[in-house]
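The structure under discussion appears below in the form of structure tokens.
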Amino acid sequence: MKHRFVAPTISAAAAALAVAWFAEAPTAGQAPAEGKAEGQAAFTAGRLPWGDPDLQGMWDTRTFTPMERAEAFGNREFMTEEEAKKRDELGLTRVQSGDEDETGDDLKEQDVKRYAASDRPDDGRPGYRIAGAEYNAFWSADPSKPKMSLRTSQVIDPPDGKVPPLTREALDLWEKRDKERLHRSQADDWEDRGLSERCIVRNGLPGEMRGDTQQPVKQIIQSPGYVNIVMPYGYVRMIPVGAAGQKPHLGKGVRQWNGDPRGRWEGDTLVVTTTNFKNTIKNVVPGHGGPFGGSDHVHYYPAGGDTLVLTERFTRTDRETIEYRYTVEDPKAFVRPWTTVVYWNLDAWSEQGKQDRLFEYACHEHNYGIVNAIRGARVNRAEAMDEAAREVNVRKRERAAKLEALKKWEAGGGK
Amino acid sequence: MRIKMIAGGIVLGTVLMFAGQALAHHAFSAEFDAKKPIQLKGKVIKMEWVNPHTWIHVDVNGTRWMVEGGPPNSLLRRGFTKASLKPGTEVFVEGFQAKDRSNKANGRDVTFADGSKLFLGSSGTGAPKDGRDPTER
Chain A
0 MKHRFVAPTI SAAAAALAVA WFAEAPTAGQ APAEGKAEGQ AAFTAGRLPW
50 GDPDLQGMWD TRTFTPMERA EAFGNREFMT EEEAKKRDEL GLTRVQSGDE
100 DETGDDLKEQ DVKRYAASDR PDDGRPGYRI AGAEYNAFWS ADPSKPKMSL
150 RTSQVIDPPD GKVPPLTREA LDLWEKRDKE RLHRSQADDW EDRGLSERCI
200 VRNGLPGEMR GDTQQPVKQI IQSPGYVNIV MPYGYVRMIP VGAAGQKPHL
250 GKGVRQWNGD PRGRWEGDTL VVTTTNFKNT IKNVVPGHGG PFGGSDHVHY
300 YPAGGDTLVL TERFTRTDRE TIEYRYTVED PKAFVRPWTT VVYWNLDAWS
350 EQGKQDRLFE YACHEHNYGI VNAIRGARVN RAEAMDEAAR EVNVRKRERA
400 AKLEALKKWE AGGGK
Chain B
0 MRIKMIAGGI VLGTVLMFAG QALAHHAFSA EFDAKKPIQL KGKVIKMEWV
50 NPHTWIHVDV NGTRWMVEGG PPNSLLRRGF TKASLKPGTE VFVEGFQAKD
100 RSNKANGRDV TFADGSKLFL GSSGTGAPKD GRDPTER
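So the sequence lines, in the order shown, correspond to chains A and B.
Those letters in the first sequence? Residues 0 to 414, by numbering that gives the first Met the number 0.
Those letters in the second sequence? Residues 0 to 136, by numbering that gives the first Met the number 0.
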């Protein structure tokens with residue numbers, strides 16, 4: 000009986016959401032003036048008692064804007080409302096669902112379909128991966144829909160909306176890392192697992208500043224001299240501003256997973272420059288994540304992190320919105336710097352008074368997962384070796400694609 | 000088949016977009032065995048409300064099984080509270096067994112004794128019809 004009412008309820012809800020979305024979509028179509036945040040002129044952030052602009056709140060940081068722009072949009076930064084509508088109809092703006100009530104062989108069929116429609120390289124073992132369908136969506140996805148922008152990509156510079164190619168140095172390093180990886184199983188010990196599974200960092204900066212569907216909210220709490228960003232995966236970014244923000248960065252030998260940030264105010268905009276990222280080359284399974292999530296949760300940053308300079312700009316463009324912009328400069332990793340923009344919105348759930356802080360992310364204490372993975376690899380090491388090799392193979396194809404991109408860039412005279 | 004059609008059209012695109020983002024905390028393939036689908040019927044002993052994953056302990060004919068679920072944050076936002084799955088509740092769990100063959104599994108679907116699916120009745124779950132309810136046909 001219940002079932003009968005589910006479908007209409009959902010369609011109604013979906014329709015309502017769609018209407019809400021278009022109502023909320025920023026009036027786009029025109030690019031903002033260079034270097035100026037959209038809406039900045041129309042809004043002045045409130046001031047805290049000690050004079051700093053007020054960025055505080057529970058911020059929903061999810062976005063459905065793709066990282067890189069689809070070819071069809073060319074150099075267009077914004078899509079039309081018509082195009083946005085089409086994307087919505089195609090389902091590109093819905094929260095991921097793994098609700099298909101299927102197990103076993105049926106899941107394999109879904110997997111094949113997913114790969115067929117994917118731009119990710121096939122792993123050569125159709126049906127083996129069931130990622131995305133192994134959990135029913137209710138376990139992981141916030142059922143609400145994030146607000147949308149008409150942006151065609153998060154990347155706004157280079158103008159083609161694509162992350163620039165990796166350098167040869169980065170690609171060589173990648174190859175070297177994977178060669179080392181080949182001699183190990185999926186989980187010979189904990190270092191064979193990614194940083195997220197080891198409860199160290201999730202995806203690393205800056206990628207982690209985008210929210211995922213499980214933990215979409217970041218909380219900003221300010222105090223005199225500091226802007227603190229409570230990250231949902233169990234740690235706080237404490238960013239010194241004012242006098243503390245003027246202090247020189249740590250010495251080169253000191254490296255941290257989330258780097259060493261320094262903040263300053265440019266008008267209402269918080270500008271954060273972060274250096275001293277952890278050099279990840281030494282680890283067998285390296286990676287602090289960076290802008291890329293690697294295959295199978297083994298997150299790779301394309302270089303060592305030692306030359307990465309991350310510059311973030313937070314601007315409250317109206318009461319409910321922060322424009323979040325970052326620029327990645329790392330000559331060892333990318334052939335040129337690049338910049339992205341996304342919008343953070345005040346979290347609707349918190350606005351309704353249902354939450355005023357994040358659920359404690361006490362990851363280590365109940366991390367049965369890492370134990371299960373290591374035990375699993377010991378029960379059947381041959382299979383764990385096989386699985387690790389498969390992961391490396393997938394990355395081999397990813398790397399080949401990156402090399403092609405680099406060659407194309409070089410052939411075009413570095414443009 | 001009908002389910003596949005629903006799922007196929009709507010879900011595909013987004014799954015791809017969020018691949019890697021919306022996945023669980025760990026790599027499923029390292030911990031659980033995709034070739035070992037499992038079905039468990041038993042009574043809830045307790046539920047651990049912890050990150051990175053909740054765990055439901057289920058008594059299956061005198062054997063304790065641990066079933067992995069999603070993180071507390073998303074469950075709370077689904078309207079799932081500590082009262083949703085009380086000790087003693089009879090549940091039917093479908094998922095995949097741990098690779099080490101211990102009595103652990105991930106819980107993909109959790110169904111109550113009367114056949115209703117956890118959360119199916121709450122609004123906005125996005126859950127399609129699953130064909131199990133005879134009144135649905």
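All C-beta atoms in this analysis are idealised placements derived from N, C-alpha and C, irrespective of residue type, glycine included.
- prompt: How about Q245(A) and M57(A): are their beta carbons less than 7 Å apart?
  reply: As a first step, residue 245(A) is located in the first sequence; it is residue number 246 there, counting from the start. As a first step, residue 57(A) is located in the first sequence; it is residue number 58 there, counting from the start. Contact: no.
query: What residues of chain A sit near H52(B), judged by a beta carbon separation below 8 Å?
result: What you label residue 52(B) is simply residue 53 of the second sequence in a count that begins at 1. Going along chain A in sequence order, the residues near H52(B) (Cβ under 8 Å) are H365, Y367 and G368.
Rounded distance between the beta-carbons of I220(A) and V229(A), thought under 8 Å: On the first sequence, position 230 is the one that residue 229(A) refers to. On the first sequence, position 221 is the one that residue 220(A) refers to. Indeed, because the Cβ distance is near 7 Å, the residues count as touching under 8 Å.
query: Candidates K34(B), F27(B) and H56(B): which alpha carbon is nearest K40(B)'s?
result: For the purposes of this step, residue 40(B) is taken as the residue at position 41 of the second sequence. The alpha carbon of K40(B) has as its nearest neighbour, out of K34(B), F27(B) and H56(B), the alpha carbon of H56(B).
query: Just how far apart, CA to CA, sit P164(A) and W408(A)?
result: Taking the first sequence and counting its residues from 1, the one referred to as residue 164(A) is at position 165. Taking the first sequence and counting its residues from 1, the one referred to as residue 408(A) is at position 409. If I take the Cα positions, the gap works out to 7 Å.
- prompt: If you drop the 5 nearest sequence neighbours on each side, which residues of the same chain put their C-beta closer than 6 Å to that of I373(A)?
  reply: Locating residue 373(A) in the first sequence gives position 374, counting from the first residue. The residues are A186.
query: Do you know how far the Cα of V154(A) is from the Cα of W48(B)?
result: Locating residue 48(B) in the second sequence gives position 49, counting from the first residue. Locating residue 154(A) in the first sequence gives position 155, counting from the first residue. Approximately 37 Å between the Cα atoms of the pair.
field: Environment of A399(A) [buried if 16+ CB atoms lie within 10 Å]
entry: Sequence index remark: in the first sequence, residue 399(A) carries index 400 (1-based). A399(A) should be labelled exposed.
task: Output, in chain order, the set of chain B residues within a Cβ distance shorter than 7 Å of N344(A).
output: Here residue 344(A) refers to the residue found at position 345 when the first sequence is read from its first residue. Simply none; closest approach about 15 Å.
- request: Specify, as a first and last residue, the run of the beta strand (DSSP E) that L39(B) falls within.
  value: On the second sequence, residue 39(B) is found 40 positions in, with the first residue counted as 1. From DSSP, the beta strand (DSSP E) with L39(B) extends over F31 to E47.
task: With 7 Å as the threshold, decide whether the Cβ of E89(B) is near any Cβ in chain A.
output: Position 90 of the second sequence, counted from the start, is the residue given in the question as residue 89(B). E89(B) does not count as touching chain A.
message: Within 10 Å of its beta-carbon, does P158(A) have 16 or more other beta-carbons around it, so buried, or fewer, so exposed?
response: Here the question's residue 158(A) lines up with position 159 in the first sequence. Exposed, by the Cβ-count rule.
message: I'd like to confirm the pairing. Which residues does DSSP put opposite P260(A) in its beta bridges?
response: One-based indexing of the first sequence puts residue 260(A) at position 261. Looking at the DSSP assignment, P260(A) forms a beta bridge with T273(A).
task: Name, please, each residue of chain A whose Cβ falls closer than 8 Å to the Cβ of A49(B).
output: Residue mapping note: residue 49(B) aligns to position 50 of the second sequence, counting from 1. Per the sequence shown, residue 49(B) should be read as Val rather than Ala. Within chain A, the residues near V49(B) are A361, E364 and H365.
query: Would you report the Cα separation of K401(A) and V393(A), rounded to the nearest angstrom?
result: The residue you call residue 401(A) lines up with position 402 of the first sequence. The residue you call residue 393(A) lines up with position 394 of the first sequence. The alpha-carbon atoms of K401(A) and V393(A) are separated by roughly 13 Å.
message: Is A372(A) close to chain B? Criterion is C-beta to C-beta, closer than 7 Å.
response: As a working mapping, residue 372(A) is identified with position 373 in the first sequence. A372(A) counts as touching chain B.
- prompt: Where E328(A) and V308(A) are concerned, what is the direct C-alpha to C-alpha distance, given to the nearest angstrom?
  reply: One-based indexing of the first sequence puts residue 328(A) at position 329. One-based indexing of the first sequence puts residue 308(A) at position 309. Roughly 5 Å between the two C-alpha positions.
message: Please classify P231(A) as buried or exposed, where buried requires at least 16 other C-beta atoms within 10 Å of its C-beta.
response: Along the first sequence, read from residue 1 onward, the residue named residue 231(A) stands at position 232. Under this definition P231(A) is a buried residue.
- request: Hey, could you find the ends of the beta strand (DSSP E) R107(B) is sitting in?
  value: Position 108 of the second sequence, counted from the start, is the residue given in the question as residue 107(B). Start and end: K103 to F111.
- request: Determine the extent of the alpha helix (DSSP H) in which D59(A) is found, giving its start and end residues.
  value: For the purposes of this step, residue 59(A) is taken as the residue at position 60 of the first sequence. Where D59(A) is concerned, there is no enclosing alpha helix (DSSP H), although the beta strand (DSSP E) it sits in stretches over G56 to D59.
message: Quick test of the definition: if touching needs 3 or more C-beta pairs under 8 Å, does the region 250 to 261 of chain A touch the region 193 to 207 of chain A?
response: Verdict: yes, contact present.
query: Between R236(A) and T60(A), what straight-line distance do the alpha-carbon atoms span, to the nearest angstrom?
result: The count along the first sequence starts at 1 and reaches residue 236(A) at position 237. The count along the first sequence starts at 1 and reaches residue 60(A) at position 61. Distance between the alpha carbons of R236(A) and T60(A): 15 Å.
Cβ of G160(A) within 7 Å of any chain B Cβ: For the purposes of this step, residue 160(A) is taken as residue 161 along the first sequence, with counting starting at 1. It does not; no Cβ of chain B falls within 7 Å.
- request: Decide if T166(A) is buried, meaning its Cβ has at least 16 other Cβ atoms within 10 Å, or exposed.
  value: To locate residue 166(A), count along the first sequence from 1; it is residue 167. Buried.
- request: Pull out every residue of the region 91 to 113 of chain B whose Cβ sits closer than 9 Å to any Cβ of chain A, in chain order.
  value: E93, G94, F95, A97, K98, D99, R100, S101, K103, N105, G106, R107, D108 and V109
query: Taking Cβ-Cβ distances shorter than 8 Å, what residues in chain B pair up with A186(A)?
result: One-based indexing of the first sequence puts residue 186(A) at position 187. Neighbours of A186(A) on chain B, chain order: A29.
- prompt: So with Cβ pairs under 7 Å, would you call R63(B) a contact of chain A?
  reply: Indexing the second sequence from 1 puts residue 63(B) at position 64. So no, R63(B) is outside the interface.
- prompt: Based on Cα-Cα distance, which residue from G241(A), G413(A), E364(A) and S148(A) lies nearest to D87(A)?
  reply: On the first sequence, position 88 is the one that residue 87(A) refers to. Of the listed residues, the one whose Cα sits closest to D87(A) is S148(A).
Cβ shell of L47(A) (< 7 Å), same chain only, five flanking positions each side left out: Start at 1 with the first residue of the first sequence, and residue 47(A) comes out as number 48. If the five residues before and after L47(A) are omitted, its C-beta is found closer than 7 Å to the C-beta atoms of D53 and Q221, all from its own chain and listed in chain order.
query: From W343(A) to Y323(A), what does the alpha carbon distance come to, in whole angstroms?
result: Counting from 1 along the first sequence, the entry for residue 343(A) is found at position 344. Counting from 1 along the first sequence, the entry for residue 323(A) is found at position 324. Approximately 7 Å, taken between the alpha carbons.
- request: Determine, using beta-carbon pairs with one atom in the region 78 to 96 of chain B and one in the region 363 to 381 of chain A, whether at least three such pairs fall under 8 Å.
  value: At 8 Å Cβ cutoff, the stretches do not touch.
Contact list for V378(A) against chain B, beta-carbon separation under 7 Å: Numbered from its first residue, the first sequence carries residue 378(A) at position 379. Result: K98, D99 and R100.
task: Return yes when the C-beta of D171(A) is under 6 Å from any heavy atom of the ligand MN, and no when it is not.
output: Ligands displayed in this structure: none; no statement on the ligand MN is therefore possible.
- request: List in chain order: all unbroken beta strand (DSSP E) runs of 3+ residues lying wholly within the region 138 to 183 of chain A.
  value: 154 to 156
N105(B) burial status per 10 Å Cβ neighbour count (16 or more: buried): One-based indexing of the second sequence puts residue 105(B) at position 106. It counts as buried.
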